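A.B. asks:
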Amino acid sequence: MPAGDAFDRIGRAAFRSLILSATKHPRVQAVAARHGLRAGANRFVAGESPSDCRPVLERLHADGMRTYVIALGEAVHTTEQAVIAARLYESLVPEVTTWGRETTFSIKLTHLGLEHDPELAFQNARRIVGLAAKHSAFVRLDMEHSAVVDKTLTIYRRLRADGLDNTGVVLQAYLHRSVDDLISLLPLEPNVRVVKGAYLEPPDVALQRKSDVDAAYRQLVRTALTYARFTAVATHDVQAVRTAIAVAAEQESDFEFQMLYGVRYDLARQLVAAGHPMRICVPFGEDWFVYFTRRLAERPANSLFLLRNLMRR
Ligand SMILES: Cc1cc2nc3c(=O)[nH]c(=O)nc-3n(C[C@H](O)[C@H](O)[C@H](O)COP(=O)(O)OP(=O)(O)OC[C@H]3O[C@@H](n4cnc5c(N)ncnc54)[C@H](O)[C@@H]3O)c2cc1C
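Take the sequence shown: its position 33, counting from 1, is numbered 89 in our numbering, and each next residue is one higher.
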């Protein structure tokens, strides 16, 4: 096995698992809470309050980007916290839609109580998506760890059955099930975001080798661009971007690229300059830590950058 392949199989998985486990440690969380945003997390997160998003959105719009906003938070396990998260969106949607062109929203259903009470999460999502419809705004349901994929897709179907068409889902290419999920959604003419997948999943559920995930991603993008009503190609992977451009031209697909705030902005600008639509995800919130650790786990260099900054303090 070539050395690069061995790192691909063992090194990357071990690195991700190390980062994702280390950041569950209370002392790591305490240090991060004290220094994190200033020590590096503000590269990926607009700030802690909704108003922190405004200057970021304005800068991105001035560069020709579309945007979407997400209030960070997940794995909520009480009714009270789920209701607080829903209320936050209910004040966010009317506020943000007055600021900017083309700003949409994403929600994580576990933030709205999915793991605590799925019916409560549905009712919360329904209120948010219904309110967004009144403001001509779109709300996507992010996809989280594999244990909640079925529940998330069920809520998506229920929203659509209630006539809410201003909503979409996310499919994760690393999951063995995602092609089947896409096919089963096609009768709904879905708006899908296609991603590689950001969670630690076991081999019976998800592909483990990065090269396999990359290939599955390009294939899922190809299928979505061919059959879905609208595809958000969410990646910073240049090869996947090239595939998407070629397939979208061939199929005359309705699509946009999506990238995360703080990642490969050079590539985002190049794509916009070449006339491709690009939407940037702008996250904010006091619960930024878990989101931040996922960004660290995706790229070893990010963790070194954080460590260097923390050691300077
Ligand atoms: C808009 C958007 C929404 C997403 N929504 C979800 C979701 O709902 N559910 C979910 O599971 N996942 C989601 N993800 C995360 C996704 O699953 C991947 O973990 C993440 O995008 C990295 O994969 P990649 O496609 O960029 O490819 P990679 O092969 O990981 O990266 C390609 C290149 O991009 C750069 N890069 C990638 N990540 C980083 C980083 N963190 N820091 C610096 N450079 C980086 C590097 O140059 C790297 O070589 C989303 C991603 C995007 C862009």
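Note that CB positions come from ideal geometry on N, CA and C, so glycine has one too.
All of these numbers come straight from a predicted model, not from anything done at the bench.
Does the contact criterion of 3 or more C-beta pairs under 8 Å hold for the stretch 161-179 versus the stretch 123-137?
C.D. replies: Enough Cβ pairs lie closer than 8 Å, so yes.
A.B. asks: So, at 8 Å on beta carbons, what are the nonlocal neighbours of F313 in its own chain, with the 5 sequence-adjacent residues on each side left out?
C.D. replies: Within the sequence shown, numbered from 1, the residue matching residue 313 stands at position 257. Around F313: A288, V289, A290, T291, V297, A300, A324, L327, H332, P333, M334, R335.
A.B. asks: Quick check: Y230 and A262, are their CB atoms within less than 8 Å of each other?
C.D. replies: Stepping through the sequence shown from its first residue, residue 230 is reached at position 174. Stepping through the sequence shown from its first residue, residue 262 is reached at position 206. The answer is yes: Cβ separation under 8 Å.
A.B. asks: Starting from the C-beta of A304, find all residues in its chain whose C-beta is less than 6 Å away, skip the five residues before and the five after it, and write them out in chain order.
C.D. replies: Position 248 of the sequence shown holds residue 304. These residues qualify, in order along the chain: L281, F311.
A.B. asks: If you measure between the beta carbons of E175 and H133, is that distance less than 8 Å?
C.D. replies: If you number the sequence shown from 1, residue 175 lands on position 119. If you number the sequence shown from 1, residue 133 lands on position 77. For E175 and H133, no; Cβs fall outside 8 Å.
A.B. asks: I'd like the ranges of any beta strand (DSSP E) spanning at least 3 consecutive residues and lying wholly in the stretch 192-228.
C.D. replies: Counting whole runs of 3 or more residues, the stretch 192-228 contains the beta strand (DSSP E) stretches 195-197, 223-228.
A.B. asks: Please report the distance separating the alpha-carbon of E158 from that of A188.
C.D. replies: Within the sequence shown, residue 158 is the residue found at index 102, counting from 1. Within the sequence shown, residue 188 is the residue found at index 132, counting from 1. Approximately 13 Å between the Cα atoms of the pair.
A.B. asks: Using a 10 Å radius around the Cβ and a threshold of 16 neighbouring Cβ atoms, would you call R308 buried or exposed?
C.D. replies: Taking the first residue of the sequence shown as position 1, residue 308 is located at position 252. For the record, residue 308 in the displayed sequence is Glu; it is not Arg. Its Cβ having fewer than 16 others within 10 Å, E308 is exposed.
A.B. asks: Anyone know if the C-beta pair for T210 and V185 falls short of 8 Å?
C.D. replies: Residue numbering aside, residue 210 sits at position 154 when the sequence shown is read from its first letter. Residue numbering aside, residue 185 sits at position 129 when the sequence shown is read from its first letter. No, the Cβ-Cβ distance between T210 and V185 is not below 8 Å.
A.B. asks: What residue range does the alpha helix (DSSP H) around S240 cover?
C.D. replies: Your numbering for residue 240 matches position 184 in the sequence shown. Where S240 is concerned, the enclosing alpha helix (DSSP H) stretches over 234-241.
A.B. asks: Can you check DSSP and say which residues form a bridge with M334?
C.D. replies: The sequence position of residue 334 within the sequence shown is 278, counting from 1. The partner list for M334 (beta bridge, DSSP) reads F313.
A.B. asks: Report yes or no: is there a C-beta of chain B within less than 8 Å of the C-beta of A262?
C.D. replies: Among the chains of the structure shown, chain B does not appear; only one protein chain is present.
A.B. asks: Helix, strand or coil for T128, going by three-state DSSP, please let me know.
C.D. replies: Here residue 128 corresponds to residue number 72 of the sequence shown, with the count starting at 1. According to the sequence as given, residue 128 is Leu; it is not Thr. If DSSP states are grouped into helix, strand and coil, L128 belongs with coil.
A.B. asks: Beta-carbon within less than 7 Å of L113's beta-carbon, same chain only, minus the 5 sequence neighbours each way: which residues are those?
C.D. replies: Position 57 of the sequence shown, counting from 1, holds the residue named residue 113. For L113, where only same-chain residues beyond five positions count, the Cβ hits under 7 Å are T123, W155, G156, T159, V338.
A.B. asks: Going by the C-beta, is T291 closer than 7 Å to any heavy atom of ligand 1?
C.D. replies: Here residue 291 is taken as the residue at index 235 of the sequence shown, counted from 1. Correct: T291 has its Cβ closer than 7 Å to ligand 1.
A.B. asks: If you follow the alpha helix (DSSP H) that R350 is part of, which residue opens it and which one closes it?
C.D. replies: Looking up residue 350 in the sequence shown gives position 294. Looking at the DSSP string, the run of the alpha helix (DSSP H) that includes R350 is 345-354.
A.B. asks: Please state if the CB of V226 and the CB of L197 are separated by a distance shorter than 8 Å.
C.D. replies: Stepping through the sequence shown from its first residue, residue 197 is reached at position 141. Stepping through the sequence shown from its first residue, residue 226 is reached at position 170. For L197 and V226, yes; Cβs fall inside 8 Å.
A.B. asks: Please go through the same chain and pick out, in chain order, the residues whose beta-carbon is closer than 6 Å to the beta-carbon of A177, but skip the five residues on each side of it.
C.D. replies: Here residue 177 refers to the residue found at position 121 when the sequence shown is read from its first residue. L165, L168, G169, L170.
A.B. asks: Using DSSP bridges, identify the partner residues of S162.
C.D. replies: As a first step, residue 162 must be located in the sequence shown, where it is residue number 106. Paired residues: I126, R196.
A.B. asks: Helix, strand or coil: which one does DSSP assign to A357?
C.D. replies: To locate residue 357, count along the sequence shown from 1; it is residue 301. Helix, per DSSP.
A.B. asks: Leaving aside the five residues before and after V101 along the sequence, list all residues of the same chain whose C-beta is less than 6 Å from its C-beta, in chain order.
C.D. replies: Stepping through the sequence shown from its first residue, residue 101 is reached at position 45. Within the same chain, V101 has close Cβ partners P339, W344.
A.B. asks: Taking only the alpha-carbon atoms, compute the straight-line gap between V205 and Y212 and give it to the nearest angstrom.
C.D. replies: As a working note, residue 205 is residue 149 in the sequence shown. As a working note, residue 212 is residue 156 in the sequence shown. Cα-Cα distance, rounded: 11 Å.
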